[in-house]
Amino acid sequence: MDERGQATVELVAALPALLLAGLVSLQLLAAGYAMTLADGAAEAGALALAAGGSAPDAARAALPGWAEDDVSVAVEGGTVSVRLRPPSPFAALAERLAVSSSAAARPAR
């Protein structure tokens, strides 16, 4: 029985699974990073709201450029909510992995 090339065949067979595991890992890291960014943006918006400024503008300014089209900011009373879709090669996946964060503020006295 000739076993030459067996390792190559096994590598080729396992390569798609390795690539899929890598892509899933990177997508989960991107979602976690988006959550951190959404937290910071909501806090920046709440601070601006408390100071009498524009909460949506402050929240958007706290985000990197790539998030410009992937964010929505809502202000309701003294609460600023930020919803951010993480970067993804698949739009449907990014929509399912969207993260939200809220921060509340009171006006300065």
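Per the numbering used here, the very first residue in the sequence shown carries number -17; after that it's consecutive. Quick reminder that beta carbons are idealized off the backbone N, C-alpha and C, glycines included.
Would residue 55 and residue 28 qualify as a contact pair, given that the criterion is a beta-carbon distance under 8 Å? Contact flag unset, no.
8 Å contact criterion, which residue 30 and residue 37 should meet: CB distance rounded: Contact flag correct, Cβ pair sits at about 5 Å.
Could you round the C-beta distance between residue 39 and residue 83 to whole angstroms and report it? I think they count as a contact, below 8 Å. Between residue 83 and residue 39 the Cβ distance is about 17 Å, and since that is not below 8 Å, they are no contact.
Can you give the beta carbon distance from residue 64 to residue 17, rounded, assuming they're within the 8 Å contact cut? About 10 Å separates the two Cβ atoms, so there is no contact after all.
Whole alpha helix (DSSP H) elements within the stretch 6 to 65, 4-residue minimum: Counting whole runs of 4 or more residues, the stretch 6 to 65 contains the alpha helix (DSSP H) stretches 37 to 43.
If distances are taken between C-alpha atoms only, which option among 11, 32 and 71 comes closest to residue 59? Ranking the options by Cα distance to residue 59, first place goes to 32.
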